[in-house]
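Take any residue in the sequence shown, count from 1 to its spot, add 1: that is its number in the working numbering. Report on one structure; see the data block that follows.
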Amino acid sequence: MFDLITESVERPLRKKSPGSKLVSIVVHVVVITLVVVIPLLRVTDTLPEMPVMMAFVSSVPEAPPPPPPPPPPPAAAPAPKSAAKPTVTTPVNPLAAPVVEPSEIAPEVTRVASAGVVGGVEGGVEGGVLGGIVGGLVGTAAPPPPPPPAPPPAPKAPVRIGGQLTAPALLKRVEPVYPDIATAAQLTGLVILEATVGTDGCVESVRVLRSRHPFLDKAAVDALKQWQYSPLVLNGVATPFVLTVTFNFSVGR
């Protein structure tokens with residue numbers, strides 16, 4: 002850089018010299034050897050020795066001896082020989098009389114009840130007195146009392162008329178009385194009621210399903226309560242039922 006400024010062309014340090022290059026290479030080799038190779042050799046010499054692993058092999062244990070064979074079953078006791086002569090057992094009490102065992106046991110006798118005698122009573126005692134004993138036998142139990150009568154069946158819930166179930170015949174029909182005040186006010190329309198009929202065919206209760214006016218509702222309810230139907234019988238039992246009745250109030254001209 003300075004030679005360009007001073008316009009000097011001479012460069013004494015840039016001259017090629019083979020001897021300096023050789024010396025430089027040798028110096029680098031020596032330095033690398035001292036810095037790298039020698040420490041590696043020392044570290045290799047000081048490496049710890051790895052312990053030698055020792056394995057022990059044990060011999061296979063011998064199989065246990067087989068279990069002893071089961072003991073033989075006890076010999077069956079010999080059947081006692083039937084002795085023609087009775088045997089005498091030795092009593093525990095020496096002063097007691099000897100007990101003689103029977104040689105054979107007599108079979109149990111099954112008693113069959115006799116068919117009874119002429120003049121006997123059914124259910125009597127075998128060997129009783131013909132005609133009975135006044136006052137009965139002492140110690141015999143009295144016959145049990147008869148069971149109490151079965152409670153009456155619970156009343157069935159009312160069934161609704163509709164579909165295949167039709168209402169019974171209407172025996173008594175009462176038309177509603179048109180109130181004068183409703184006629185003067187020109188009140189018209191439909192009143193729909195629901196009636197519950199008892200087992201005797203009489204209307205027990207009435208409920209308003211669709212109201213038109215209180216005057217018309219009261220007239221329809223009073224008339225429906227006087228209706229009477231034939232009893233509804235299902236499976237031989239009188240059954241209450243529920244049906245719907247519609248009244249149409251209109252003013253005639």
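Glycine is no exception: its CB is placed at the ideal position from the N, C-alpha and C atoms. Just so you know, these numbers come straight off a predicted model, no measurement behind them.
Practice problem: Check whether the segment 194-211 touches the segment 227-237, taking contact to mean three or more Cβ pairs, one atom from each stretch, closer than 8 Å. | Solution: yes
Quiz item: Hey, T247 and L191: beta-carbon distance below 8 Å or not?
Solution: Taking the sequence shown and counting its residues from 1, one reaches residue 247 at position 246. Taking the sequence shown and counting its residues from 1, one reaches residue 191 at position 190. Yes, they are a contact pair.
Quiz item: Are at least three pairs of beta-carbons, each pair with one atom in the segment 214-226 and one in the segment 170-178, less than 8 Å apart?
Solution: Under the Cβ criterion (8 Å, minimum of three pairs), the segment 214-226 counts as touching the segment 170-178.
Exercise. If I'm right that V243 touches E195 with Cβ under 8 Å, what's the distance once you round it to whole angstroms?
Key: Start at 1 with the first residue of the sequence shown, and residue 243 comes out as number 242. Start at 1 with the first residue of the sequence shown, and residue 195 comes out as number 194. Sure, about 6 Å apart at Cβ, within 8 Å.
Quiz item: Considering only residues of the same chain and omitting the five flanking positions on each side of A170, which have a CB-CB separation below 8 Å?
Solution: Against the sequence shown, residue 170 aligns to sequence position 169. The residues are Y230 and S231.
Practice problem: For my contact list, L210 and F250 are in at a C-beta cut-off of 8 Å; report their separation, rounded to the angstrom. | Solution: Walking along the sequence shown from the start, residue 210 turns up at place 209. Walking along the sequence shown from the start, residue 250 turns up at place 249. That pair is no contact at about 15 Å.
Practice problem: Use the C-beta contact count for L233: other C-beta atoms within 10 angstroms, 16 or more gives buried, fewer gives exposed. | Solution: Residue numbering aside, residue 233 sits at position 232 when the sequence shown is read from its first letter. Result: buried.
Exercise. Give the secondary structure of K219 by DSSP, where H, G and I count as helix, E and B as strand, and everything else as coil.
Key: To locate residue 219, count along the sequence shown from 1; it is residue 218. Note: K219 maps to helix in three-state DSSP.
Quiz prompt | Spatial distance of P180 from A221 (CA atoms) | solution = Locating residue 180 in the sequence shown gives position 179, counting from the first residue. Locating residue 221 in the sequence shown gives position 220, counting from the first residue. Roughly 11 Å between the two C-alpha positions.
Quiz item: Taking the Cβ atom as the reference point for each residue, do V238 and T184 lie within a distance shorter than 8 Å?
Solution: As a position in the sequence shown, residue 238 is number 237, starting the count at 1. As a position in the sequence shown, residue 184 is number 183, starting the count at 1. No, the pair does not count as a contact, with Cβ atoms beyond the cut-off.
Quiz prompt | CB contact flag (H214, L235, <8 Å) | solution = Working through the sequence shown from its first residue, we reach residue 214 at position 213. Working through the sequence shown from its first residue, we reach residue 235 at position 234. No, the Cβ-Cβ distance between H214 and L235 is not below 8 Å.
Quiz item: Whose C-beta lies closer than 6 Å to the C-beta of L23 among residues of the same chain, with five residues either side of it excluded?
Solution: For the purposes of this step, residue 23 is taken as the residue at position 22 of the sequence shown. Cβ within range, chain order: n/a, list empty.
Quiz item: Should V288 go down as buried or exposed, given a rule of 16 or more other Cβ atoms within 10 Å for buried?
Solution: Here the chain has residues from 2 to 254 only, and residue 288 is not among them.
Quiz item: If you compare alpha carbons, which of P150, T245 and I193 is closest to A168?
Solution: Within the sequence shown, numbered from 1, the residue matching residue 168 stands at position 167. Ranking the options by Cα distance to A168, first place goes to T245.
Self-check item: Proximal residues to L14 (C-beta, below 7 Å), its chain only, five neighbours per side dropped
Solution: Looking up residue 14 in the sequence shown gives position 13. Residue placement at L14 cannot be trusted, given a pLDDT of 49 that sits under 50; the coordinates are not used to answer.
Quiz item: Per DSSP, N249 is paired with what?
Solution: The residue labelled residue 249 in the question sits at position 248 within the sequence shown. For N249, which the question treats as bridged, DSSP gives the partners L191.
Quiz item: Apart from the five residues on each side of it in sequence, which residues of its chain come closer than 8 Å, Cβ to Cβ, to I68?
Solution: To locate residue 68, count along the sequence shown from 1; it is residue 67. Per the sequence shown, residue 68 should be read as Pro rather than Ile. Excluding residues within five positions, none has a Cβ falling inside 8 Å.
Self-check item: Separation of I33 from S21, as counted between CA atoms
Solution: On the sequence shown, position 20 is the one that residue 21 refers to. On the sequence shown, position 32 is the one that residue 33 refers to. Cα to Cα, S21 sits roughly 18 Å from I33.
Practice problem: Tell me where the beta strand (DSSP E) around K157 begins and ends. | Solution: Start at 1 with the first residue of the sequence shown, and residue 157 comes out as number 156. Segment: none, K157 is in no beta strand (DSSP E) and carries neither H nor E.
Quiz prompt | 6 Å CB neighbourhood of S212 in its chain, flanking five on each side removed | solution = For the purposes of this step, residue 212 is identified with residue 211 of the sequence shown, where counting begins at 1. Excluding sequence neighbours, S212 sits near D218.
Self-check item: First through last residue of the alpha helix (DSSP H) which encompasses L255
Solution: This structure cannot settle anything about residue 255, because the visible part of the chain is limited to 2 through 254.
Practice problem: Could you tell me the distance, in whole angstroms, from the CA atom of I26 to the CA atom of P19? | Solution: Along the sequence shown, one-based indexing puts residue 26 at 25. Along the sequence shown, one-based indexing puts residue 19 at 18. C-alpha separation (whole angstroms): 11 Å.
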